[in-house]
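In our numbering, the protein residues as written are 442 to 526. Even glycine gets a Cβ: it sits at the ideal position worked out from N, Cα and C. Please read these numbers as outputs of a predicted model, since none were measured by experiment. Input: a single structure, listed below in structure tokens.
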């Protein structure tokens, strides 16, 4: 009977695709930049900067989500050595 060594299994350093992380990035961006836009609206006497802040925050949250979950993995040198043998 053969047993596999758990330390020999390939280690994947990519973050897992947890939807709560993506949700947190987008909601945090909308809340933070929407609040900053609201503060600027109150200070400047306008009523459109909050919408710009919400859109910018959502875009930044989506960007952070893609940059986190689409990170390129470094080449695995041990995998290349096994293919050469």
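Alpha carbons only, please: which of the options is nearest the one belonging to residue i?
{"i": "residue 385", "options": "498, 510, 477, 484", "result": "Absent from the model: residue 385. The displayed extent of the chain is 442 to 526, so no value can be given."}
{"i": "residue 496", "options": "461, 460, 479", "result": "479"}
Among residues of its own chain, excluding the 5 on either side of residue i, which ones have a beta-carbon nearer than 8 Å to its beta-carbon?
{"i": "residue 487", "result": "481"}
{"i": "residue 472", "result": "498"}
{"i": "residue 500", "result": "470"}
When the distance is taken between beta carbons, is residue j closer than 8 Å to residue i?
{"i": "residue 494", "j": "residue 505", "result": "no"}
{"i": "residue 491", "j": "residue 470", "result": "no"}
Sorted by chain position, which residues of the same chain lie with C-beta nearer than 6 Å to residue i's C-beta, five sequence neighbours on each side aside?
{"i": "residue 466", "result": "502, 505, 506"}
Which same chain residues end up closer than 7 Å to residue i when comparing Cβ atoms and leaving out the 5 residues on each side of it in sequence?
{"i": "residue 463", "result": "506"}
{"i": "residue 459", "result": "none"}
Length-filtered (4 minimum) alpha helix (DSSP H) runs lying within the region 448-511: 460-485, 490-510
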